[in-house]
Every structure is written in C-alpha cells, then in structure tokens.
Amino acid sequence: MRALTARDVMNPEVLAVRDDQTVADLADFLVDNEISGAPVEDAEGQLIGVVSLTDVARVLGGHDQAVIDHPQPEYYLRGWEDRFNPEDVAGLRIAESDLTVGEIMTPQVFAVEDEMPISKVAEKMIHGHLHRLLVTRDRKVVGIISTSDLLGLLVEDA
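The sequence shown begins at 51 in this note's numbering and counts up by one.
This is the structure:
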C-alpha cells in the first residue's frame, strides 16, 4: 500500500482570482462566494500570491479615494457574521478604482506540491501554525488542504 499524498487528500475545488482584477471585483467575488480569501494567479495561471479580506481592509484604510462614506448593507456580511459586525464595516464601500489585486496581494504563499507525503503536509501545517495549504503542481494551484481534511483522515481510520 502506498503512502497518501497531498493529491489524495486535497479538495480540488479552489476559487482563484487574477492579479489584474480590480479590488472592487475582488470584493464582489469574495462576498458572492462567501469566502475570506483566495489564491492569486497571473495570466498564465501561475500562483503568485494570496489575497484576503484583511488585504482589502488594509487598502481601504490607506486609500481614501477607494472609500465612500455610506452605511454598508447587511448582505455584505453574509457568511462572516461571527467575525465582523455591522459597526466594524459601516461606512466602507469600495468605489470604482484602478487598484488591482496584484497591488494588494500578499506574495508569500504557503503551498505544497501535490506529491508531498501527507505526513510532511501535516508537519508543515503544525510547525507553521497553518489551517490550510494550497496544493500545487508546476506552480499551478490544483487543490487545497485544510485541517478539517486531515481530521477527516483520522475519522476514516477510526
């Protein structure tokens, strides 16, 4: 019996964004998909970074022209009610802007190759205090592994 690899455990359904998308498009994408972040790919589909709500909030705090002073409708909070309250985001709305995902993304990526043994994946997650890792093949995102995926392995073996 062969040892399990990242490919055996990963979730292949990963929603990614392009580096040339606007921050306004990114915000819509995150809200529409009820996610807090996504990997960033270039035009060739190569993984070049990650972007999150934290990056959007950081940018909004530093770019006054990207903020309109109106109350935020509650539907923008859908899926994140446990992390944000309406007062936290009141007054923030992304205006039309030329600012792109590539300009606000974090270039540091925590990823593993799809052939990495799952024991090494778990080690990397533990030592890095990571809750999820992107899985790549030739610098292209092919999946994601979360702590829930690893716990699922334990349940299956029990």
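A virtual CB, placed ideally from N, CA and C, is assigned to each residue, including glycine.
Within 8 Å, strictly: CB atoms of residue i and residue j
i, j, result
"A77", "V106", "yes"
"A56", "E163", "yes"
"V109", "I154", "yes"
"L183", "V171", "yes"
"T156", "M175", "no"
"L203", "V59", "yes"
"V151", "V191", "no"
"Q96", "R189", "yes"
Option nearest residue i by Cα separation, candidates the options
i, options, result
"G193", "G202, V101, E165", "E165"
"D75", "D58, L149, V59, V100", "L149"
"P62", "G202, L203, I195", "I195"
"T186", "H177, A161, G178, Q71", "A161"
Close beta carbons around residue i, own chain, < 7 Å, minus the five adjacent residues each side
i, result
"G87", "V100, V101, S102, L103"
"D92", "D69, I98"
"G129", "Note that G129 has pLDDT 49, beneath the 50 cutoff, so the model's placement of it is unreliable and no number is given."
"E173", "none"
Coarse secondary structure for residue i, derived from DSSP in three states
i, result
"E206", "helix"
"L97", "strand"
"S196", "strand"
"R57", "helix"
"R108", "helix"
"E163", "strand"
"S102", "strand"
"V64", "coil"
"L201", "helix"
"E173", "helix"
"L80", "helix"
8 Å CB neighbourhood of residue i in its chain, flanking five on each side removed
i, result
"D199", "V59, M60, N61"
Same chain only: Cβ atoms within 6 Å of residue i, ignoring 5 sequence neighbours per side
i, result
"L54", "I168"
"Q158", "none"
"L180", "F160"
**Study point:** Cβ contact check for the stretch 53-67 and the stretch 78-89: 3 or more pairs under 8 Å
**Key:** Contact holds: three or more Cβ-Cβ distances are below 8 Å.
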